[in-house]
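Chains as they are written, first to last, in our numbering: chain W, -17 to 300; chain F, 112 to 353.
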């Protein structure tokens, strides 16, 4: 079993869950950052996505049966949108290309998102898995690109491919631009639209990848928490100060948010203006479990998770 | 020897937390409890809108007991141009049967689209209708608006199609809303079943036609807008009008 992107919060959670599964034999992880949690069985290789030859060699030598591709950088999570796009594309090319060379490959699970459905005017409010992939933001295009590449690979080598379409992932250690924005003391929201959106907790997202891998799923699945929330409701639940915006001042708000340490990427802005929901009713059928929590509960947890406390060095040594 | 990391004791009084605590006492506190459901319908806002509905119209609803207590249903109605009839019927029915009723055909631009979504509006897309019906929702679908309240416009069979496909009951309903007085009436007939002979899309077309015919008959049964002597038109006379 191979997990690309094992260093990230989602990747290390998936790896930790896979370690507990009886059906998982050898577990290999590759990422540019070390795993965020202690793993017992997994073998991990630190490698930048640009190190194409090394990754191809590692993957082909390992010859996995099942691959979970999580090497996806959300814009403004840990990288600027430009870097995120470049890293995500490089990772997809390298990992998926290498995986295609593995003779033992039986199943491929890729991380995607509900951003692939797009939020154009007149598009479905709560698209299900059969809705057209028609992204309208940079992150959506990135994810749709991964899905397309993986699907072509699957067709070519004859393995099932499961794109797991996640809602906005929130968790205590997830570098989510949406979570970061909502936790600011003063949060801008669209006064005229204030549309609903759905999110998913990192624990649930990790479970979805493990279930998709164990069932060798061969179709996309939406993974979001039940229910929905609007930005204004989230702001009030978190006891933040709502800052209603109507239109042109969003540019200023974006700059101010970026300077305050919570840059707003295009897909989050789209969520705040047009909403982002997805039909999760097939989760039980496809993954074997239904969403356990609601979006409102995840948002409440978001505000309950402790902040990062910066402790200054008592003695300056350098 | 290891050094003990001393955590800051005043952690709970950081600047953002102080700001947040101040915001908490703002008069908008109760608004934090407002929730929207999976489709973005805001129950509190829908209840307020229903109250305004009551202030404007005294609505008589017949046949609402035919609607299922659980599971999906489609109510097809006649609608008058510029009168937001599906909005009115969805709010009135929702209040009567005590479960959310959504209407199909909301705009998708702020602020009206957002308001409509809060009141239970869905886009007029077959996939949107199918998704809501799979979720067990009650939907109101309006025929295209007409200027004559006694005439029925076209019913979009593509919106009725998902009900046939998912085996959801389709109820024809006639609506008469007075523009000058407070009287409004919604009459729901029994469900029209699709033909068992058809397996393909003809089934939807024929069902839509039958639903349309049933609504036309109901409208005819309603009679004219004003009947009887002019004395009956006066409100509070106990005969017609209000």
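Quick reminder that beta carbons are idealized off the backbone N, C-alpha and C, glycines included.
{"Item": "Validate contact between the region 303 to 314 of chain F and the region 268 to 284 of chain F using beta carbons, cut 8 angstroms, 3 pairs", "Value": "yes"}
{"Item": "Residue 314(F) - containing beta strand (DSSP E), residue span", "Value": "Careful: residue 314(F) lies outside any beta strand (DSSP E), inside the alpha helix (DSSP H) at 313 to 333."}
{"Item": "Buried versus exposed, by CB contacts within 10 Å (16 or more), residue 194(W)", "Value": "buried"}
{"Item": "For residue 71(W), the first and last residue of its enclosing alpha helix (DSSP H)", "Value": "63 to 73"}
{"Item": "Short CB-CB distance (under 8 angstroms) between residue 151(F) and chain W", "Value": "yes"}
{"Item": "Buried/exposed call for residue 133(F), threshold 16 Cβ in 10 Å", "Value": "For residue 133(F), the pLDDT reaches just 45, beneath the cut-off of 50, and the residue's location in the model is therefore unreliable, although a value from the coordinates is still provided. Looking at its Cβ environment, which holds fewer than 16 other Cβ atoms inside 10 Å, residue 133(F) is exposed."}
{"Item": "Pairwise C-alpha distance: residue 240(F) and residue 288(F)", "Value": "26 angstroms"}
{"Item": "Within 8 angstroms, strictly: CB atoms of residue 144(W) and residue 91(W)", "Value": "yes"}
{"Item": "Expected contact under 8 angstroms - CB spacing of residue 151(W) and residue 182(W) to nearest Å", "Value": "6 angstroms"}
{"Item": "Residue-level contact to chain F via CB, residue 278(W), 8 angstroms cutoff", "Value": "yes"}
{"Item": "Contact list for residue 152(W) against chain C, beta-carbon separation under 8 angstroms", "Value": "You won't find chain C in this structure, because its protein chains are W and F."}
{"Item": "Span separating the alpha-carbon of residue 254(F) from that of residue 185(F)", "Value": "13 angstroms"}
{"Item": "Environment of residue 87(W) [buried if 16+ CB atoms lie within 10 Å]", "Value": "buried"}
{"Item": "Touch test, the region 122 to 132 of chain W against the region 247 to 264 of chain F, Cβ-Cβ under 8 angstroms, three pairs minimum", "Value": "no"}
{"Item": "Residue 249(W) in three-state terms, based on DSSP", "Value": "helix"}
{"Item": "Alpha-carbon to alpha-carbon, residue 179(W) and residue 204(F)", "Value": "27 angstroms"}
{"Item": "Assigned secondary structure, residue 176(W) (DSSP; H/G/I helix, E/B strand, else coil)", "Value": "coil"}
{"Item": "Own chain, CB closer than 8 angstroms to residue 209(W), minus 5 neighbours either side, in chain order", "Value": "180, 276, 277, 278"}
{"Item": "Beta-bridge pairing of residue 286(W) - partner residues as DSSP gives them", "Value": "Paired residues: none, contrary to the question."}
{"Item": "Residues that residue 263(W) contacts on chain F, provided the C-beta gap is smaller than 7 angstroms", "Value": "245, 246"}
{"Item": "Beta-bridge partners of residue 223(W), as assigned by DSSP", "Value": "168(W)"}
{"Item": "The region 191 to 206 of chain F contacting the region 164 to 177 of chain F, beta-carbon criterion three pairs below 8 angstroms", "Value": "yes"}
{"Item": "Straight-line gap, residue 140(W) to residue 45(W) (C-alpha atoms, nearest Å)", "Value": "16 angstroms"}
{"Item": "Below-8 angstroms beta-carbon distance, residue 236(F) vs any chain W residue", "Value": "yes"}
{"Item": "Residue 224(W) beta carbon near the ligand GTP (any heavy atom closer than 7 angstroms)", "Value": "Judged by which ligands are present, the structure shown has none, so any question about the ligand GTP falls away."}
{"Item": "Inter-stretch contact at 8 angstroms, needing at least 3 Cβ pairs: the region 324 to 332 of chain F / the region 285 to 299 of chain F", "Value": "yes"}
{"Item": "Residue 60(W), enclosing alpha helix (DSSP H) - first and last residue", "Value": "It is not in any alpha helix (DSSP H) - residue 60(W) carries neither H nor E in the DSSP assignment."}
{"Item": "7 angstroms CB neighbourhood of residue 306(F) in its chain, flanking five on each side removed", "Value": "314, 317"}
{"Item": "8 angstroms Cβ cutoff, residue 104(W) in contact with chain F", "Value": "yes"}
{"Item": "Residues of the region 222 to 234 of chain W with Cβ closer than 9 angstroms to any Cβ of chain F, in chain order", "Value": "222, 223, 224"}
{"Item": "Own chain partners of residue 138(F) with C-beta closer than 6 angstroms, once the 5 adjacent residues on each side are dropped", "Value": "Low confidence applies here, because residue 138(F) scores a pLDDT of 43, under 50, leaving its location unreliable and the question unanswered by this model."}
{"Item": "Interface partners of residue 225(F) on chain W, CB under 7 angstroms", "Value": "174, 175, 176, 177"}
{"Item": "From 296(W), 54(W), 107(W), residue whose alpha carbon lies closest to that of residue -8(W)", "Value": "54(W)"}
{"Item": "Of the residues 212(F), 159(F), 233(F), the one placed nearest residue 180(F), counting alpha carbons only", "Value": "212(F)"}
{"Item": "Identity of the residue in 153(W), 245(W), 172(W) nearest residue -5(W) by Cα", "Value": "153(W)"}
{"Item": "Assigned exposure category for residue 136(F) - 16 Cβ within 10 Å defines buried", "Value": "For residue 136(F), the pLDDT reaches just 40, beneath the cut-off of 50, and the residue's location in the model is therefore unreliable, although a value from the coordinates is still provided. It counts as exposed."}
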